[in-house]
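Engineer:
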Amino acid sequence: MATILVVEDHPITQLVISKRLRNRGHKVITASSGHEALAHLGQSCVDLIISDISMPEMDGLDLLRHMRADEALRNVPVIILTNSVLDQHRLEASAEGANGFLEKPVSSWELEATIQRFLPNV
111 MATILVVEDH
121 PITQLVISKR
131 LRNRGHKVIT
141 ASSGHEALAH
151 LGQSCVDLII
161 SDISMPEMDG
171 LDLLRHMRAD
181 EALRNVPVII
191 LTNSVLDQHR
201 LEASAEGANG
211 FLEKPVSSWE
221 LEATIQRFLP
231 NV
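What the sequence shown shows, in the working numbering, is residues 111 to 232, in sequence order.
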């Protein structure tokens with residue numbers, strides 16, 4: 111299975127998504143901010159990142175900018191979580207290199223289907 115980094119500042123959402131992923135057999139690393147995510151990425155290899163777009167200090171867009179500027183992280187797929195239905199958020203995230211989007215609350219089947227799109231051999 112895949113190693114997935116979940117970047118989410120809301121503890122309950124982070125817990126629910128992490129539990130769903132672990133129940134499907136994935137190894138899960140969690141971070142509560144973009145800064146914490148970058149620290150994990152400096153120490154661990156991940157197959158996929160699921161990141162909230164709205165977080166204090168370093169949001170999901172800033173995290174994407176840092177990742178896409180780093181040759182070692184540039185090709186890691188990033189799925190953005192959002193509560194927003196605004197197309198502007200999706201356009202901004204796409205422009206920064208997001209690979210996919212999930213709207214909160216996300217269902218288990220939608221989460222797994224999205225992961226399968228980017229990690230078909232998992």
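Quick reminder that beta carbons are idealized off the backbone N, C-alpha and C, glycines included.
Remember, predicted model here, so these are calculated numbers, not experimental data.
Taking only the alpha-carbon atoms, compute the straight-line gap between Val156 and Ile114 and give it to the nearest angstrom.
Structural biologist: For the purposes of this step, residue 156 is identified with residue 46 of the sequence shown, where counting begins at 1. For the purposes of this step, residue 114 is identified with residue 4 of the sequence shown, where counting begins at 1. Cα to Cα, the separation comes out at about 6 Å.
Engineer: Check Ile159 in the structure and name its three-state DSSP category.
Structural biologist: In the sequence shown, residue 159 corresponds to position 49, counting from 1. DSSP places Ile159 in strand when its eight states are reduced to three.
Engineer: Would you say Arg184 and Glu206 are within 8 Å of each other, going by their C-beta atoms?
Structural biologist: As a first step, residue 184 is located in the sequence shown; it is residue number 74 there, counting from the start. As a first step, residue 206 is located in the sequence shown; it is residue number 96 there, counting from the start. Not a contact, by the Cβ cut-off of 8 Å.
Engineer: Where does Asp162 land, buried or exposed, given buried means 16+ other C-beta within 10 angstroms?
Structural biologist: Counted from its first residue, the sequence shown places residue 162 at position 52. Burial call: buried.
Engineer: With Glu220 and Leu212 assumed to form a contact (beta carbons below 8 Å), what rounded beta-carbon distance in angstroms separates them?
Structural biologist: One-based indexing of the sequence shown puts residue 220 at position 110. One-based indexing of the sequence shown puts residue 212 at position 102. Yes, Glu220 and Leu212 are in contact; Cβ-Cβ is about 7 Å, under 8 Å.
Engineer: Does Glu222 come out as helix, strand or coil in the three-state DSSP assignment?
Structural biologist: What you label residue 222 is simply residue 112 of the sequence shown in a count that begins at 1. Reduced to three states, the DSSP call for Glu222 is helix.
Engineer: With distances taken between CB atoms, is the gap from Leu125 to Leu229 smaller than 8 Å?
Structural biologist: Here residue 125 refers to the residue found at position 15 of the sequence shown. Here residue 229 refers to the residue found at position 119 of the sequence shown. Contact flag unset, no.
Engineer: Residue range of the alpha helix (DSSP H) that Val126 falls in?
Structural biologist: Looking up residue 126 in the sequence shown gives position 16. It spans Pro121 to Asn133 - the alpha helix (DSSP H) in which Val126 sits, taken as one unbroken run.
Engineer: Mapping DSSP to helix, strand and coil, what is Ala147?
Structural biologist: Here residue 147 is taken as the residue at index 37 of the sequence shown, counted from 1. Helix at Ala147.
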